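Undergrad: If you want the numbering used here, it's the position in the sequence shown, counting the first as 1, plus 1.
No residue lacks a Cβ here, since even glycine has one placed at the ideal position from N, Cα and C.
What you are looking at is a predicted structure, and each value in this text was computed from that prediction instead of being measured.
This is the structure I want to talk about, given as structure tokens.
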Amino acid sequence: MERSMAPRESVGNIGVVEKYDIVVIGAGPVGLLLSTCLARWGYRIKHIDNRPEPTKTGRADGIQPRSLDLLRNMGLKPAIMAYEPAKVYEVAFWDPSSGDKGIHRTGTWASCPSFIDARYPFTTLLHQGMIERIFIADLEKHNVEIQRPWTITGFKTDEKEDSEYPVEVNLAQVEGSAKETVRAKYLFGGEGARSFVREQLKIGIKHKDPIAHVWGVMDGVVQTDFPDIKMKCTIHSDFGSIMVIPREGNMVRLYIQIASSTDKDWNPRKTATEEEVQASAKKILQPYNIEWERVEWFSVYPIGQGIAEKYTLDHRVFLGGDACHTHSPKAGQGMNTAFLDAQNLAWKIHHVESGFADRSLLHSYEVERKKVAENLLGFDAKYAALFSQKAPAAKDVEAATQQGAEHTKVEEKENDFIKTFKESCEFTSGYGVAYNPNSLNWSSSHPAQSSAINPKGNKLRTGRILTNSNVTRVTDANVVHLEQEIPLNGSFRVYVFAGKPATTKQALNDFSQNLTKKGSFLSTYLRSDIDQVSYHERHNPHSHFFTFCTIFAAKRTNIEIARDVPKTLARYSDHIYADDIRDRIVPDAKASSHSKMGLDEERGGVVVVRPDGYVGIVVGLETGSVTVDALNDYFGAFSSKKLGKSRASFLKRKASQELTHNSIEVIEPLQGEEMFEAIIGWFWGALEWFRGRVDLSYTNMSYSNIDVVADEHTQRAEVREDGSTAVKRQRNKSNNRAHTRTSSQQRQIAPTELNRTGSFSEEQLRMRADAQWIPPAFGAPTKHVEREIIVISDDEEEDEEEVPKPIADSLRLPRSPRPPKSPRIRLQPVRIQRRTSVIQDGSSLHDRLADLLNLDDDKEDENGRSPFAVSTRAQEKIKRDAEARKLKEKQETIRIAKERRLTRRNPSNRLIHTLEDKWETIISEALDRARKNGNLPITQSQGGTPLHYKDFVTLLGRSAWLNDEIINTYIEWVVEAANEFAKAEAKAFGEPIGKVPKFIAHNSFFYENLDKKGPSSTQRLMNRKKAPGVSLLQVDTVLVPICRHSHWTVGVVRPMARTIEYFDSLQGSSNTFIKLMRGWLKFQLGAEYKEDEWKTPKTGCTLQMNGYDCGVFVCTNSLCVALGVNTDCYNGTDMAIMRRTIAALLINKGFQGDFAWGLGVF
């Protein structure tokens, strides 16, 4: 979204009040996803959380299939999977055995059965803290940082005080005295069940059922002989119930029933110790054993269902997530429901604030999401009751599994257990979410009414997620997931299922042409920067609010974009597909995607999907304007502007009625752009009425500053100093000519249809006007107009110019509605000097040529030189020009090289390669020698520090942490190679090689010393590094390895670029490092330190996948920075190879030979 700098204003003596688009309270899943969406779309966000850091332990851990679809659509799925989360494909059921023999397995079934047709038929299990860090890292890329630990202390909404930023929010530091007051357009409360925002709004919680159960939850690493510990299990025994949830990193979560309302000593506030819960688990799991290696988190909680009475009161302050609804965690819906709350609100705020939708669109947030929460609470209560009651018989489990897989449509009586199973499968997967009919979700009561809507055979349900399908992308032959092709970019997704090209050719052309007509939903919301849109823009070349996909029911080899796709749709070349992939759901279909949607494989149809992936409307693809008219009516139900015929003809019809009937009607008040359009529309309507009643073939109008339309250009008549104009002068000239026409002759050559406008119907006039209107950038090609220069002179003997058409002729052209302005060519009077052969300095042309060439009558002079040889002076000039050109090229090369150093790029090849066999042998032999002789060093650092076997064990040992010696030595070799390369580059450019090194590496003790003793303690060190004081500004990069709390990170200071960066493979906070570095720079540079010059870009890096590779990431990120490549150009799975590579390089003593600097990278 195009946005300017956020405004600021001074308020009395208080100072500057910051203004934000939205203030978000709480950095849990709902708040983070909301901020992530809005930050990507360009909004200014204030986001606070009352915790000092992201979630450490416990809380949510299950990502359902629908939520994984969403995260993939946001581009975050790879980061999730990088943590290697647990995946649950099946659920196992265990029940009591006969004869007091403990428990036995009674059956299993799919977590997400095949009849749901999920793209990812499993539940992803990952610690909430890791999920939070992924969102936080994405926010930092968009310059949004979570302010911690801060809390909200109050807020109020007053549109009279500030209509644009009506919400005033008071904030305070949790552990400190700092306070802050900001203003915002919106406030969002996502701070959990004990929401301060909800309490201040006095919104109550309605509890569905009284508390009936108390549960304990425990995360830990266990040793057990229970066979299904890696699966999700529900276990019932004579001693109680357990739910088993596998987790990442060999952990498991156990939900253990502590108390029930059926107990004699029932107490809803009952608690239990960690040891008591473990003892209960051991009893329930008999005859299997279980022991805990460690417990990471433990809690006891009661189960209850509650929902907020309102989600908002004024559509300025909103609630979401646990602040709105609470329920049992066993269904795994808390975080997933929060995700969809945030997504739903984010795109609606975006469309309102960007001017596409009316503010009433925000009313649908509560209507849609509260209904989903109510359904969730009803399901959760039933699910919890099912879990607590006696287990089902094995035959019921088997029946449920078979019927779920077959997805039979036969109406048959099902027992309660089978019904609940099917409901739970759909609901727990996330695909059970359905929004009721409203302005976004079409129904028979929707304002859009057309015979083309909801075509026969349509299987899609509005308000439900779009069905998955596979298609082939025409441009590159890749098989892709159609529903994932358009990212979460805030746009409506218009899928044009084009059927057979031969059948739908005319309908597709009509659809494209009607899209470009004035008043269509696309033309009305064109981008303001459409002329500057990049050629490579895939999704939004025309509008920020619509992305088009075209899907043909044909083989890819039979589709030609230039032949089969109209120009408007062809602009979305990366979104043109062949529906030629077989699908198991519809095995007999020739076009599976068409068939799954229920659209005719010959004639196709158009599916509009909301920005959040839910179907809005389905329309048939028909000839004429029927399809686009239906879509105009659909979007017009909630858009901020009138669309379609109503918009195109409203103003003209109103003006004509007022003039003809002299009637006065009360119409809705217009403002801004609509007011301007109303005035223009009234003018052209009046002109049309006037044309029908008056002969305009000749008029004696006075011309001063009007447009003259003639031939194929528009000339602006400018008043000259003598008071005349170009129009007057042209008219005077024509009057002096012998072929002056009479008024009657002029009338004879006037357009014959001039006085026939009154005979056309209103519909014909509208169609004629629409046919002439072509939107910029994607309409029909305009005829090239040659620029003309008309010289207006007082010389009467010049050739006569053709007389422009009279103004009356121009007025006869149909001009309602008014066409868009076209570029005008201003024609200024130009005075022409008579050309002569005398040069202005007095020399003749012959003298000037002779100065350049040696002209002689003889063919050759005494030296044998040709009479046309270049003179000595000319040769010297050519030589000087060549030297200047070489110097300029050299300077440009140096400039490009320096700019390249200030940025990073992806390497052309893999950064990390598997070692050759010879180096594996060298490493093994070196380790063997050192193992036999413990005092024998394997290698040494650049400064001579020996590295022994014990050091290499930290590098090559299993699950080992790198020690200081390995990291410091590797970074020293990186810096040494980078400096040598910098010297060679300077020498090649002919630049002097300074005494100050371009790259500096501090050891791991520098940061600790700086933190404890202050910047003055580093002065002697900087003298040894040859970069004391202001000479530091000549340094390209300073690397600072850091070890804090047994975790390695690396900081980077780039004096030449004036940046401070921090690379943490666990995405930790950079605040402390940046603060220390600013203090250090201020001390080193003194008066040369300018605070505002030093930037802190939020540069990301590859995420760590375990708890021990952090040191390897420090070495790899240091290498990337020194090479000038992106710090996310490698994978977390490369670290095992990188460990071997570091060992080989240390033995090789630097970047030489097989490890030459940059070898294989560029």
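Could you tell me which uninterrupted alpha helix (DSSP H) segments, each at least 4 residues in length, are contained entirely in the stretch 489-570, listed from first to last along the chain?
TA: Listed in chain order, the complete alpha helix (DSSP H) runs (minimum 4 residues) inside the stretch 489-570 are 502-516, 522-525, 562-565.
Undergrad: Looking at the structure shown, is Met252 part of a helix, part of a strand, or coil, going by DSSP?
TA: Sequence index remark: in the sequence shown, residue 252 carries index 251 (1-based). Note: Met252 maps to strand in three-state DSSP.
Undergrad: Are the CB atoms of Leu363 and His326 nearer to each other than 8 Å?
TA: On the sequence shown, position 362 is the one that residue 363 refers to. On the sequence shown, position 325 is the one that residue 326 refers to. No.
Undergrad: On the criterion of 16 or more Cβ atoms from any shown chain inside 10 Å, does Ser1119 qualify as buried, or is it exposed?
TA: Here residue 1119 corresponds to residue number 1118 of the sequence shown, with the count starting at 1. That one is buried.
Undergrad: Inspect the CB distances between the stretch 566-576 and the stretch 457-467 and report whether three or more fall short of 8 Å.
TA: The stretch 566-576 is not in contact with the stretch 457-467.
Undergrad: Relative to the alpha-carbon of Asp96, which residue among Met598, Thr107, Ser925 has its alpha-carbon at the smallest distance?
TA: Here residue 96 corresponds to residue number 95 of the sequence shown, with the count starting at 1. Minimum Cα distance to Asp96 is reached at Thr107.
Undergrad: Assuming Ala173 contacts Trp151 (C-beta within less than 8 Å), just tell me the rounded distance between them.
TA: Reading the sequence shown from its first residue, position 172 is the one you call residue 173. Reading the sequence shown from its first residue, position 150 is the one you call residue 151. With a Cβ gap of about 7 Å, Ala173 and Trp151 count as contacting.
Undergrad: What does the alpha-carbon distance come out to for the pair Gly155 and Val145?
TA: As a first step, residue 155 must be located in the sequence shown, where it is residue number 154. As a first step, residue 145 must be located in the sequence shown, where it is residue number 144. Approximately 22 Å, taken between the alpha carbons.
Undergrad: Look up Gln941 in the DSSP assignment and say whether it is helix, strand or coil.
TA: As a position in the sequence shown, residue 941 is number 940, starting the count at 1. Of the three classes helix, strand and coil, the one that applies to Gln941 here is strand, per DSSP.
Undergrad: Output the boundary residues of the alpha helix (DSSP H) element that contains Lys1076.
TA: Position 1075 of the sequence shown, counted from the start, is the residue given in the question as residue 1076. Looking at the DSSP string, the run of the alpha helix (DSSP H) that includes Lys1076 is 1072-1086.
Undergrad: Is the distance from the Cβ of Met252 to the Cβ of Val301 below 8 Å?
TA: By one-based count along the sequence shown, residue 252 stands at place 251. By one-based count along the sequence shown, residue 301 stands at place 300. Their beta carbons are not under 8 Å apart, which means Met252 does not touch Val301 by this criterion.
Undergrad: To the nearest whole angstrom, what separates the beta carbons of Trp348 and Ile618, a pair I think is in contact under 8 Å?
TA: In the sequence shown, residue 348 corresponds to position 347, counting from 1. In the sequence shown, residue 618 corresponds to position 617, counting from 1. Not confirmed; about 17 Å, so no contact.
Undergrad: From the DSSP output, in three-state form, read off Arg832 for me.
TA: On the sequence shown, residue 832 is found 831 positions in, with the first residue counted as 1. Note that Arg832 has pLDDT 44, beneath the 50 cutoff, so the model's placement of it is unreliable and no number is given.
Undergrad: What does the alpha-carbon distance come out to for the pair Glu277 and Lys284?
TA: Stepping through the sequence shown from its first residue, residue 277 is reached at position 276. Stepping through the sequence shown from its first residue, residue 284 is reached at position 283. Rounded to the nearest angstrom, the two C-alpha atoms are 11 Å apart.
Undergrad: Only counting runs of 3 or more residues, tell me where the beta strand (DSSP E) segments fall wholly within the stretch 67-115, in order along the chain.
TA: Runs found: 87-89, 91-97, 104-111.
Undergrad: In this structure, does DSSP put Ser1017 in helix, strand or coil?
TA: By one-based count along the sequence shown, residue 1017 stands at place 1016. Reduced to three states, the DSSP call for Ser1017 is helix.
Undergrad: So Val954 packs on Leu1040, CB below 8 Å; how close in whole Å?
TA: Walking along the sequence shown from the start, residue 954 turns up at place 953. Walking along the sequence shown from the start, residue 1040 turns up at place 1039. Actually they do not touch by this definition, with Cβ atoms about 25 Å apart.
Undergrad: Return the chain-ordered ranges of every beta strand (DSSP E) run that is complete within the stretch 287-322 and spans a minimum of 3 residues.
TA: Those beta strand (DSSP E) runs which fall completely within the stretch 287-322 and span 3+ residues are 291-309, 318-320.
Undergrad: Using C-beta distances below 6 Å, list every residue in its chain close to Pro438, excluding the 5 sequence neighbours before and after it, in chain order.
TA: Within the sequence shown, the letter at position 437 stands for residue 438. Ser444, listed in sequence order.
Undergrad: Can you list, in chain order, the residues of its chain with a C-beta nearer than 6 Å to that of Cys113? Leave out the 5 residues immediately preceding and following it.
TA: Here residue 113 refers to the residue found at position 112 when the sequence shown is read from its first residue. Once the five neighbours on either side are set aside, the close Cβ partners of Cys113 are Pro66, Ala119, Pro122, Ser430.
Undergrad: Answer with buried or exposed for Ile994, where buried requires no fewer than 16 other C-beta atoms within 10 angstroms of its C-beta.
TA: On the sequence shown, position 993 is the one that residue 994 refers to. Exposed, because fewer than 16 other Cβ atoms sit within 10 Å of the Cβ of Ile994.
Undergrad: Determine the contact status of Ser470 and Asp565, defining contact as a CB-CB distance below 8 Å.
TA: Here the question's residue 470 lines up with position 469 in the sequence shown. Here the question's residue 565 lines up with position 564 in the sequence shown. No.
Undergrad: Under DSSP, the beta strand (DSSP E) around Cys1102 begins and ends at which residues?
TA: Locating residue 1102 in the sequence shown gives position 1101, where the first residue counts as 1. No beta strand (DSSP E) holds Cys1102; DSSP gives it neither H nor E.
Undergrad: Flag this pair as touching only if the stretch 122-139 and the stretch 41-57 have three or more C-beta atom pairs under 8 Å; answer yes or no.
TA: Contact holds: three or more Cβ-Cβ distances are below 8 Å.
Undergrad: Is it right to say Arg179 is buried, meaning 16 or more other beta carbons lie within 10 angstroms of its own, or is it exposed?
TA: For this step, residue 179 is matched to residue 178 along the sequence shown. What sits at residue 179 in the sequence shown is Ala, not Arg. Exposed is the call here.
Undergrad: Going along the chain, which residues of its own chain have a beta-carbon closer than 6 Å to the beta-carbon of Phe1152, five neighbours each way excluded?
TA: Taking the sequence shown and counting its residues from 1, the one referred to as residue 1152 is at position 1151. Excluding residues within five positions, the ones whose Cβ falls inside 6 Å are Ala978, Trp1158.
Undergrad: Quick check on DSSP: helix, strand or coil for Asp918?
TA: The residue you call residue 918 lines up with position 917 of the sequence shown. It is helical.
Undergrad: Suppose you measure from the CA of Asp613 to the CA of Gln344; what does that come to, to the nearest Å?
TA: As a working mapping, residue 613 is identified with position 612 in the sequence shown. As a working mapping, residue 344 is identified with position 343 in the sequence shown. Roughly 7 Å separates the two Cα atoms.
Undergrad: At what residues does the beta strand (DSSP E) containing Ser593 begin and finish?
TA: Residue numbering aside, residue 593 sits at position 592 when the sequence shown is read from its first letter. It is not in any beta strand (DSSP E) - Ser593 instead sits in the alpha helix (DSSP H) that spans 593-598.
Undergrad: Would the stretch 541-554 and the stretch 576-595 be scored as touching if the rule is three or more Cβ pairs under 8 Å?
TA: Verdict: yes, contact present.
Undergrad: I need the straight-line Cα distance from Trp293 to Ile81, nearest angstrom please.
TA: Taking the sequence shown and counting its residues from 1, one reaches residue 293 at position 292. Taking the sequence shown and counting its residues from 1, one reaches residue 81 at position 80. If you take the alpha carbons of Trp293 and Ile81, they lie about 27 Å apart.
Undergrad: What's the gap between the Cα of Arg1082 and the Cα of Tyr1090?
TA: Working through the sequence shown from its first residue, we reach residue 1082 at position 1081. Working through the sequence shown from its first residue, we reach residue 1090 at position 1089. The sequence shown places Leu at residue 1082, rather than the Arg named in the question. The straight-line gap from Cα to Cα measures roughly 7 Å.
Undergrad: Determine the burial state of Lys519: buried for a count of at least 16 other Cβ atoms within 10 Å of its Cβ, exposed for fewer.
TA: Walking along the sequence shown from the start, residue 519 turns up at place 518. Buried, since its Cβ has 16 or more Cβ neighbours within 10 Å.
Undergrad: Could you name the residues of the same chain whose beta carbon sits closer than 7 Å to that of Gly637, not counting the 5 residues immediately before and after it, in chain order?
TA: What you label residue 637 is simply residue 636 of the sequence shown in a count that begins at 1. Once the five neighbours on either side are set aside, the close Cβ partners of Gly637 are Lys643, Leu644, Gly645.
Undergrad: By a C-beta neighbour count over all protein chains shown, 10 Å radius and 16 as the cutoff for buried, is Arg611 buried or exposed?
TA: Taking the sequence shown and counting its residues from 1, the one referred to as residue 611 is at position 610. Buried: at least 16 other Cβ atoms inside 10 Å.
Undergrad: Where does the unbroken alpha helix (DSSP H) through Thr1142 begin, and where does it stop?
TA: Here residue 1142 refers to the residue found at position 1141 of the sequence shown. Looking at the DSSP string, the run of the alpha helix (DSSP H) that includes Thr1142 is 1136-1149.
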